[in-house]
Each structure stands twice: as C-alpha cells, then as structure tokens.
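Engineer: Here's a structure for you.
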Amino acid sequence: MNNANIGNKSSRTLSFVSQRQQQQQRQRQHQSCIMKKNRCRPTASISTNNSNTLLSMTMTSSPSGIDQLPELVQAGVFVAYYITLIVTTIPTINFLDIVSSSKVIGLERWRGWFIDTTLPLLIGTLFLTAGIGHFIQKESFLSIYPPPGTWGFWYLPGSANFHVTWTGIVEALGGSGLLLSVITTTLLGLDEKLDEQGEETLSLFLKLLKPLSALMLFLLTLLVTPANIYMYTHGATMGDAVLDVSFHYIRFGVQVMFLSLLFILAKDSLFFVWGDELD
C-alpha cells in the first residue's frame, strides 16, 4: 500500500471522529492544564486500522473561543456575565410589575391566574424535575461543573459530586414547596381551616411556603450560574450535541425570565399573605 492510499484512508478515518469526542477530549485536557497552572492547546492521537502511524489532530477551542483567551480575560467574561444578568433582570421585573397592576389584568386576576396557580405549578414542576434529574443523570450535571482553576480563580471547596447533590436537593425541595403551596392553600384551603382551629403557626407556615420556596429557587439560580458560564466559555455540554453560541444567548434570555418570574412570585405572594393577615 503506497503512501497516497494510506493518507486517503487516514483522512477518511479522521472524518468519522465526532465533534462530541473532540469536545470531551478538550474538557479533559483543559482540566489537566489548569491544574498544572499553565495553558495549553489540547491534542489527541488517533490510530488508523490500516497502519501503525499515530495521527495527531489539534482540538478546536470551544464555540465561543473564550477558553483560548488569557485567564484574566476569562475572569472578566465571568464578571460581565453576572453583571449583564442582573442588569437585564431588573427591568424585566419592573415590566412584570407594570403588567400585574395594569387595568387589563389587575391585581385580583394577577393573583388568581398567575401567583396562586400558573406560576407555582409550572415553575414547581420544572424545578422538581430538574432536581430529580441531578440524581438520575448525575454524570450529565457533573460534566458542566467547572473544574478547579477554571477562569484562573475558580477554587470552590467541595467536590463536583457534592455540589451536584446539594443543588439537586434544593431544586427538588423548592419545586415541591411551590407545588405543595398550591395544593394546601389554593385547592384545599388548609390555611384558612387551620386559622379557624387556632393553629396559626402552621397556617402561617403554609402561607409562607410559596414565597420562601420561590426566594430559595431565585437564589439557587444565581448560585448555579457558574455552570452556565462554564458551558459558554469552555464548551461543556450535558449531552452529545455540540452547542452553538446562539444556544447560550437563548438560554441566557430564559434564565433572565426565570429569575424575574421567581422574584415576582416571591415578592407578590408575600405581599398577598401580608394583605390577608391585615384583613
């Protein structure tokens, strides 16, 4: 077999290497590099079936390309992500406040249609499902946890397994709290029945279950944001698909929406509880 044939077959072999395999190799190399406190461009070796030659292939950077920038710049992207998240969430919250108090909806309908029913049911189901997913598909969540040294400063105490576990528990508890609040107060009216029986402490707990659960999930969403940033800056994924940069922009918008809805749910439900107590 001549050299030309070997080259052609080698090229065909390389074409079958999926982007996902390249990405996984890049993530492993990235973790190794940052643990050694130096930067390197990962490479992988692939052996063909028709020769003993090892072909070196240079891995590409993440879709965003940020992982190839100096660590100081990466750290700046991290900070800028959080600032942008806050700056875009605040006006979204203000917009929802305007909608809730408008003549078209009004506070009564806003409470009945959204605060007491739709929002806690939808958001509660979502977070409960996500929390369970932390244990059913733990490897997927472990793959997006930033390894020590990421961005040049990420050295959070505790293992990836520990953080995936406790965040999953909190998500499940928060989601369950929202669902339970709808069942106990909106559907069954247990809070009012407990008030009539003189069980004011338990009644108050049921009334506060919704705002406390929403607030807990709001804070948790902020705390787990580094995983989202890691996916954006270093190309980490939870599945086999390679995510285009546009995916991260869409997900950022979704995160702004959830933060805004959770804040509104916590604030307005607490406001309505306070108003009911005054009555």
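So this note's numbering is basically just the index in the sequence shown, starting at one, shifted up by 35.
Glycine included, C-beta positions come from ideal geometry on N, C-alpha and C.
The model shown is predicted, which means the values in this text are computed figures rather than measured ones.
Would you call the CB atoms of L300 and L142 closer than 8 Å?
Structural biologist: By 1-based counting over the sequence shown, the position of residue 300 is 265. By 1-based counting over the sequence shown, the position of residue 142 is 107. No, Cβ-Cβ distance for L300 and L142 is not below 8 Å.
Engineer: Report yes if the C-beta distance between Y116 and T185 is below 8 Å; otherwise report no.
Structural biologist: Within the sequence shown, the letter at position 81 stands for residue 116. Within the sequence shown, the letter at position 150 stands for residue 185. Not a contact, by the Cβ cut-off of 8 Å.
Engineer: Going by the beta-carbon positions, is the gap between S295 and T164 smaller than 8 Å?
Structural biologist: As a first step, residue 295 is located in the sequence shown; it is residue number 260 there, counting from the start. As a first step, residue 164 is located in the sequence shown; it is residue number 129 there, counting from the start. No, they are not a contact pair.
Engineer: Is it the case that the Cβ atoms of A195 and L214 are separated by a distance below 8 Å?
Structural biologist: Indexing the sequence shown from 1 puts residue 195 at position 160. Indexing the sequence shown from 1 puts residue 214 at position 179. The answer is no: Cβ separation not under 8 Å.
Engineer: Between D311, L247 and D303, which lies nearest to R146 when the distance is taken from Cα to Cα?
Structural biologist: Within the sequence shown, numbered from 1, the residue matching residue 146 stands at position 111. For R146, the nearest C-alpha among the options comes from D303.
Engineer: How close, in whole Å, do the beta carbons of L161 and G210 come, if the pair is a contact with beta carbons under 8 Å?
Structural biologist: Mapped onto the sequence shown, residue 161 falls at position 126. Mapped onto the sequence shown, residue 210 falls at position 175. Contact holds; Cβ gap of about 7 Å.
Engineer: So M273 and I179 are supposed to be a Cβ contact under 8 Å. How far apart are they, rounded?
Structural biologist: Numbered from its first residue, the sequence shown carries residue 273 at position 238. Numbered from its first residue, the sequence shown carries residue 179 at position 144. Confirmed, about 6 Å.
Engineer: For Q109, which of helix, strand or coil comes out of DSSP?
Structural biologist: Translated into positions along the sequence shown, residue 109 becomes position 74. In the structure shown, Q109 sits in a helix (DSSP, three-state: H, G or I).
Engineer: So for Q290, helix, strand or coil by DSSP?
Structural biologist: Here residue 290 corresponds to residue number 255 of the sequence shown, with the count starting at 1. Three-state result, Q290: helix.
Engineer: What are the boundary residues of the alpha helix (DSSP H) that A165 is part of?
Structural biologist: Counting from one through the sequence shown, the residue named residue 165 turns up at place 130. Element bounds for A165: L154 to I171.
Engineer: Using 8 Å as the cut-off, can you tell me whether the stretch 94-113 makes contact with the stretch 279-296, which would need three or more C-beta pairs spanning the two stretches below that distance?
Structural biologist: The stretch 94-113, when compared against the stretch 279-296, does touch it at the 8 Å Cβ threshold.
Engineer: Cα separation between M292 and R286?
Structural biologist: As a working mapping, residue 292 is identified with position 257 in the sequence shown. As a working mapping, residue 286 is identified with position 251 in the sequence shown. About 10 Å.
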